[in-house]
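Notes follow the structure.
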Amino acid sequence: MKTIKSNQIILTFCLFFVFNISVFAQLSSSQIDSLVNDAIEKFQVAGTAVAIVKDGKIIHEKGYGVISKKTNVKVNEHTNFAIASNSKAYTTAALALLVEDGKIEWTDKVIHHIPEFKMYNAYVTENFNIQDLLTHRSGLGLGVGDLMFFPDGSDFNIDDLLSAFQYFKPVSAFRTQFDYDNLLYIVAGELIARVSGMTWEEFITTRIFQPLQMDNSYASLSLIKDTSNLAVPHNTSSGDFVVLPNFKEMINGSAGGIYSNVNDVSQWMLAHLNQGKYGDSLQNQLFSVESQHEMWKIHTTTDVSRNSRYNSHFSGYGLGWDLEDKKGNMIVSHTGGLPGMLSITVLIPDLNVGIVVLTNTDPGGAGVFLAVSRTIVDSYLGLDDFQWTDKFYNYFKSKESEGDQITKDVWETVAANKNVKINEADYIGVYKDNWFGKMEVFKKGNQLWVKSYRSPKLNGPLQFYKANTFTIKWEYQDMNADAFAMFSLDEHGKAQSIKMKGISPNIDFSFDFHDLDLQRIKED
């Protein structure tokens, strides 16, 4: 469901390199094959699919690698991947259709449609409109509340979500700062359901997939009956390919629930490049030109790239799309990420070009989709061959090494302090956070342990680190999410509260442990 990290990576990364001069032309299919195969080998990715549309036609669509390292079935252009946060643009298109139907206005207050929606103060609650759900300007922090759904398998429902926002602490003034958010898109999905009388999944299927003949796309994993051509997520953090389970459903899929393939996504890209028109003679209109202008208008500004390579002047977020300029051309894009599934969609409307890259391996998939899409975009912009694959590979390896060293030092400290005597009874008890619910510290055998009541994958041993801080190595290891637990003690040395944060600097932002405020429940 993510996008912000890739933007930050690109901005930071691009500051460190100067350029050579050899200009290269638009890539042939054989050159794309070589580019992708080189990238998936370097970044250790099981499978990838790539498609390019140009001037109203699919000019390249192909699968590379395998859908699963267990079966070695080959990826093809119809292999479905979780497209994660690329789903957000479908949600905004759905809302655009409801605007055109006369059922909503973009500036409608959310509480007009969802009266129980409540933000962190009365003013924001009363003035929060539909576009505020979509533009990452709520005043709340990056990924706030994602811990309700990461890892998957929790039991939070829509009522829990709608009541949670009042407990989050803002990090900026309302509508003044971009901080990427997933939970508000889930609220947008609920709004679509209440206004249309259909679930978000039904609306996306009937109003978008069916008209565009995206016949092999699905608005949720549960709708896929034949999984023989479904890409399987992988993780390579241990050095080898580990097959992961598919990410389980959230409340609705509006923030990141769609499964699709490069052939179907090509139809989606063509409709956007044709300003909402589709069909053999472009005789049909999915959404209006006015709706597309609204979706492709900057609503929240973001930092402009300082890389002189692209001579960029603006950068921001529209409605479900990142927007920027490169060499005088507007670039419309979005990325997506779930455990083991990383992807990107890029449109260059001025050149009538669209690119989609889908991958099924974490963390290497980010390197593949960034290097492949950036190289193809550069070829259409007439820029030199920047050797993106090698540069991104070196950059990611450096970041990985830095994070590994930090976590290695932490676990070495834990091992060195394993014989430090603590009064375990001072820490044992039940602690409650207003939006996340209860977590318990207890003895499991001879080991202190912690568990979440509502997110069962969040459980693991609590080991002394230093001072009043412990480490937690979760039993869940599909993603790197191990955390510190920092206890506050009363005058008798008994723990009264817990604050948490991730151990690794490379932890995914959706593990927002730092937003928890766990207070001991008083004993009767």
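When we follow the working numbering, the leftmost residue of the sequence shown carries the number 19, and every step to the right adds one. Heads up, the beta-carbon is just placed ideally off N, CA and C, and yes, glycines get one too.
Would you identify the three-state DSSP class for residue i, choosing helix, strand or coil?
{"i": "Gly163", "result": "coil"}
{"i": "Lys426", "result": "helix"}
{"i": "Thr97", "result": "coil"}
{"i": "Arg538", "result": "strand"}
{"i": "Phe527", "result": "coil"}
{"i": "Met313", "result": "helix"}
{"i": "Thr66", "result": "strand"}
{"i": "Gly358", "result": "coil"}
{"i": "Ala273", "result": "coil"}
{"i": "His331", "result": "coil"}
{"i": "Met287", "result": "helix"}
{"i": "Ile122", "result": "coil"}
{"i": "Asn131", "result": "At residue 131 the sequence reads His, which differs from the Asn that was named. Looking at His131 - three-state DSSP - the assignment turns out to be helix."}
{"i": "Thr363", "result": "strand"}
{"i": "Ala114", "result": "helix"}
{"i": "Gly207", "result": "helix"}
{"i": "Ala384", "result": "helix"}
{"i": "Asn200", "result": "coil"}
{"i": "Lys72", "result": "strand"}
{"i": "Ile242", "result": "coil"}
{"i": "Asp533", "result": "helix"}
{"i": "Gln149", "result": "helix"}
{"i": "Ser105", "result": "helix"}
{"i": "Phe42", "result": "Here the model assigns Phe42 a pLDDT of 49, short of 50, so the residue's position is not dependable, and the following value carries that caveat. Note: Phe42 maps to coil in three-state DSSP."}
{"i": "Tyr138", "result": "coil"}
{"i": "Ile58", "result": "helix"}
Using a 10 Å radius around the Cβ and a threshold of 16 neighbouring Cβ atoms, would you call residue i buried or exposed?
{"i": "Ser46", "result": "exposed"}
{"i": "Ala485", "result": "exposed"}
{"i": "Leu304", "result": "buried"}
{"i": "Lys344", "result": "buried"}
{"i": "Phe332", "result": "exposed"}
{"i": "Ile440", "result": "exposed"}
{"i": "Asp150", "result": "buried"}
{"i": "Tyr141", "result": "exposed"}
Give the straight-line distance between the Cα atoms of residue i and residue j, rounded to the nearest whole angstrom.
{"i": "Asn464", "j": "Asn477", "result": "16 Å"}
{"i": "Leu288", "j": "Ser214", "result": "26 Å"}
{"i": "Ala211", "j": "Tyr185", "result": "25 Å"}
{"i": "Leu152", "j": "Gly65", "result": "31 Å"}
{"i": "Gly275", "j": "Glu442", "result": "42 Å"}
{"i": "Phe460", "j": "Asp56", "result": "49 Å"}
{"i": "Asn435", "j": "Lys491", "result": "16 Å"}
{"i": "Phe387", "j": "Thr377", "result": "7 Å"}
{"i": "Leu116", "j": "Val371", "result": "28 Å"}
{"i": "Thr425", "j": "Val162", "result": "24 Å"}
{"i": "Asn325", "j": "Val395", "result": "15 Å"}
{"i": "Gly354", "j": "Asp340", "result": "12 Å"}
{"i": "Glu134", "j": "Asn264", "result": "32 Å"}
{"i": "Asn281", "j": "Pro229", "result": "15 Å"}
{"i": "Asp170", "j": "Ser299", "result": "43 Å"}
{"i": "Ala102", "j": "Ala273", "result": "7 Å"}
{"i": "Asn145", "j": "Gly346", "result": "36 Å"}
{"i": "Lys540", "j": "Asp533", "result": "22 Å"}
{"i": "Tyr335", "j": "Asn437", "result": "51 Å"}
{"i": "Ser391", "j": "Pro367", "result": "15 Å"}
{"i": "Asp526", "j": "Asp197", "result": "14 Å"}
{"i": "Met137", "j": "Lys475", "result": "28 Å"}
{"i": "Ser470", "j": "Trp124", "result": "38 Å"}
{"i": "Asn90", "j": "Ser284", "result": "25 Å"}
{"i": "Phe42", "j": "Ser52", "result": "Interpretation of Phe42 is limited by its pLDDT of 49, a score under 50 that renders its predicted location unreliable; the figure taken from the coordinates is listed afterwards. Rounded to whole angstroms, Phe42 to Ser52 spans 15 Å at the Cα level."}
{"i": "Glu458", "j": "Trp286", "result": "46 Å"}
{"i": "Ile222", "j": "Gly447", "result": "45 Å"}
{"i": "Leu113", "j": "Gln195", "result": "23 Å"}
{"i": "Leu262", "j": "His510", "result": "45 Å"}
{"i": "Gln537", "j": "Leu165", "result": "17 Å"}
{"i": "Glu59", "j": "Trp406", "result": "14 Å"}
{"i": "Glu312", "j": "Glu118", "result": "12 Å"}
{"i": "Asp530", "j": "Asn147", "result": "25 Å"}
{"i": "Gly520", "j": "Ser528", "result": "11 Å"}
{"i": "Thr379", "j": "Asp321", "result": "29 Å"}
Any heavy atom of the ligand FMN closer than 7 Å to the CB of residue i?
{"i": "Thr223", "result": "This structure lacks the ligand FMN; in fact it carries no ligand of any kind."}
Just checking my contact of residue i with residue j at CB under 8 Å: how many whole Å lie between their CB atoms?
{"i": "Phe414", "j": "Gly385", "result": "5 Å"}
{"i": "Gly455", "j": "Gln62", "result": "37 Å between Cβ atoms; not a contact."}
{"i": "Ile129", "j": "Thr109", "result": "Actually they are not in contact, since the Cβ atoms of Ile129 and Thr109 sit about 19 Å apart, beyond 8 Å."}
{"i": "Phe192", "j": "Ser156", "result": "7 Å"}
{"i": "Glu418", "j": "Asn524", "result": "7 Å"}
{"i": "Asn270", "j": "Glu342", "result": "With 8 Å as the limit, Asn270 and Glu342 do not qualify as a contact, their Cβ atoms being about 29 Å apart."}
{"i": "Asp546", "j": "Pro357", "result": "Shown here, the chain extends from 19 to 542; a query on residue 546 therefore has no answer."}
{"i": "His154", "j": "Thr318", "result": "6 Å"}
Going along the chain, which unbroken runs of the beta strand (DSSP E) with 3 or more residues stay wholly within the region 404 to 460?
Taken in chain order, the whole beta strand (DSSP E) runs of length 3 or more contained in the region 404 to 460 are 447 to 451.
Kindly provide the ranges of any alpha helix (DSSP H) runs that are 4 or more residues long and lie completely inside the region 468 to 531, ordered along the chain.
If we require 4 residues or more, the region 468 to 531 turns out to have no alpha helix (DSSP H) run fully inside it.
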